[in-house]
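Below is one structure; the comments refer to it alone.
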Amino acid sequence: MTRTPEGVLEATACVVDGGWGNYRQFHAIFTFYAANRRSRTFVARDSEGRVAATSVATRYGRTGWIGHLFVRPELRGHGLGTRMTSLSVSHLQRAGCDSVLLASTELGRPIYERLGFKVETSYHELRGTALPKTVELAPYRPLMPSDRAALRELDKQVSGDDRGPLLSRFEDFAWGVSRGGSLAGAAVALPWGGAWAAMLPGASDADSAAMVRLIRTVGSVGPEVIMYPPDENRLALDLLRNSGFEELRTVPRMVLGRRSEWLPAAVWNPMSLGLG
Ligand SMILES: CC(C)(COP(=O)(O)OP(=O)(O)OC[C@H]1O[C@@H](n2cnc3c(N)ncnc32)[C@H](O)[C@@H]1OP(=O)(O)O)[C@@H](O)C(=O)NCCC(=O)NCCS
Numbered sequence: 004m005t006r007t008p009e010g011v012l013e014a015t016a017c018v019v020d021g022g023w024g025n026y027r028q029f030h031a032i033f034t035f036y037a038a039n040r041r042s043r044t045f046v047a048r049d050s051e052g053r054v055a056a057t058s059v060a061t062r063y064g065r066t067g068w069i070g071h072l073f074v075r076p077e078l079r080g081h082g083l084g085t086r087m088t089s090l091s092v093s094h095l096q097r098a099g100c101d102s103v104l105l106a107s108t109e110l111g112r113p114i115y116e117r118l119g120f121k122v123e124t125s126y127h128e129l130r131g132t133a134l135p136k137t138v139e140l141a142p143y144r145p146l147m148p149s150d151r152a153a154l155r156e157l158d159k160q161v162s163g164d165d166r167g168p169l170l171s172r173f174e175d176f177a178w179g180v181s182r183g184g185s186l187a188g189a190a191v192a193l194p195w196g197g198a199w200a201a202m203l204p205g206a207s208d209a210d211s212a213a214m215v216r217l218i219r220t221v222g223s224v225g226p227e228v229i230m231y232p233p234d235e236n237r238l239a240l241d242l243l244r245n246s247g248f249e250e251l252r253t254v255p256r257m258v259l260g261r262r263s264e265w266l267p268a269a270v271w272n273p274m275s276l277g278l279g
């Protein structure tokens with residue numbers, strides 16, 4: 004995909020016209036991919052030059068993420084999805100990634116299994132209702148530029164990768180809570196809706212309850228909140244279910260190569276299923 008507004012619009016139209024998501028969300032996502040030098044979006048074109056398929060590869064050091072694999076419905080079942088996936092995998096491996104990760108839909112899973120990906124864990128897709136923006140968020144507070152290094156360190160501890168340059172793009176909308184002088188939890192609102200959110204294990208009941216309120220305000224999209232805590236984050240799963248969230252499905256997290264050294268019990272919500 005060319006890193007131009009036209010390139011972004013073509014890729015967005017392919018996905019949205021094919022029945023996957025909405026313009027507001029996908030336009031923001033592909034705009035982000037075009038601006039982020041660590042992401043590379045691949046498109047396939049049909050004989051008339053129209054975009055027929057997309058896939059995105061993003062690098063964080065030795066770890067790569069694949070996302071937004073999509074093939075126009077009328078062109079499926081001819082190997083295009085497999086080729087787009089292989090392209091992203093080789094791009095990441097050539098760039099030095101010894102671990103390639105993705106969150107898989109039912110349709111994508113057979114492709115990834117054939118390419119050697121193994122299920123690591125599952126994200127739980129939970130849907131709840133938003134809270135009014137006036138809700139009390141203390142002990143969380145808005146993060147300042149001086150918190151940037153601490154936010155980067157927290158995300159590194161939780162994800163296992165250095166994703167600082169990426170997160171710093173969104174930190175105008177970040178909230179955090181400290182414990183013993185260091186940042187123990189944070190949520191960062193994202194341009195495509197929702198929020199990245201993480202909290203180290205060992206939080207007090209007050210901090211945990213505030214995290215749920217934070218997500219239900221900062222991470223809301225209109226009247227709804229969609230969250231993807233991994234299976235290991237029992238605290239998030241219990242608290243969200245007790246707050247009326249309903250489980251819609253589970254989404255396997257799959258890996259090719261080195262397994263992740265991350266803290267899944269601290270992940271409340273990834274940045275997106277395509278970025279980890
Ligand atoms: C997932 C998706 C990208 C797959 O695209 P696709 O082009 O149909 O993928 P492929 O053709 O490579 O593989 C799909 C099937 O076609 C078969 N196939 C592969 N090569 C083929 C060929 N040359 N001729 C005929 N069939 C072929 C595969 O065996 C596979 O069948 P199976 O899954 O029943 O075993 C597509 O279904 C899609 O866009 N889905 C919606 C978005 C989505 O879920 N994306 C995945 C995100 S993780």
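Sequential numbering of the sequence shown, starting at 4, is according to the working numbering. Built from N, CA and C at the ideal position, the CB exists for glycine as well. Computed from a predicted structure; not experimentally measured.
Could I get the ranges of all uninterrupted beta strand (DSSP E) runs contained in the segment 80 to 121, with 3 residues as the minimum, in chain order? For the segment 80 to 121, whole beta strand (DSSP E) runs of length 3 or above, ordered along the chain, are 102 to 106.
Tell me whether residue 107, by its Cβ, gets closer than 7 Å to a heavy atom of ligand 1. Look at residue 107: its beta carbon is less than 7 Å from one of the heavy atoms in ligand 1.
Would you call residue 280 buried or exposed, if buried means 16 or more other Cβ atoms sit within 10 Å of its Cβ? Outside the displayed range of the chain (4 to 279) lies residue 280, so it cannot be described from this structure.
Could you pull the DSSP bridge partners for residue 185 from this structure? 182
My assumption, with CB atoms under 8 Å, is that residue 71 sits in contact with residue 240. Please give the rounded CB distance. The Cβ separation is near 26 Å, so there is no contact.
contact_flag[the segment 22 to 39, the segment 84 to 100] where n(CB pairs < 8 Å) is 3 or more: no
Neighbourhood of residue 263 by C-beta, 6 Å cutoff - its chain only, sequence neighbours within 5 removed: These residues qualify, in order along the chain: 163.
For residue 122 and residue 107, what's the separation of their Cα atoms in angstroms? Each residue's alpha carbon lies about 9 Å from the other.
Given that a residue counts as buried once 16 or more other Cβ atoms are within 10 Å of its Cβ, and exposed if not, what is residue 138? exposed
I want to check one thing, is the minimum distance from the CB of residue 79 to the heavy atoms of ligand 1 below 7 Å? yes
Specify, as a first and last residue, the run of the beta strand (DSSP E) that residue 259 falls within. 249 to 260
Going by DSSP in three states, residue 67 sits in which element: helix, strand or coil? strand
Assess, as a yes-or-no matter, whether the segment 59 to 69 is touched by the segment 185 to 199 under the definition of 3 or more beta carbon pairs within less than 8 Å. The segment 185 to 199 is not in contact with the segment 59 to 69.
Is any heavy atom in ligand 2 found nearer than 7 Å to the beta carbon of residue 15? This structure lacks ligand 2; the ligands present are ligand 1.
Give me, in chain order, the residues of the same chain whose beta-carbon lies closer than 7 Å to that of residue 277; leave out the 5 immediate sequence neighbours on both sides. 59, 68, 70, 71
Proximal residues to residue 255 (C-beta, below 6 Å), its chain only, five neighbours per side dropped: 107, 122, 125
Assuming residue 296 is part of the beta strand (DSSP E), what are its boundary residues? Since the first residue of the chain shown is 4 and the last is 279, residue 296 is not available in this structure.
Residues sharing a beta bridge with residue 227, DSSP: 132, 224
Residue ranges of each alpha helix (DSSP H) run of no fewer than 4 residues wholly in the segment 152 to 182, ordered along the chain? If we require 4 residues or more, the alpha helix (DSSP H) runs fully inside the segment 152 to 182 come out as 167 to 170.
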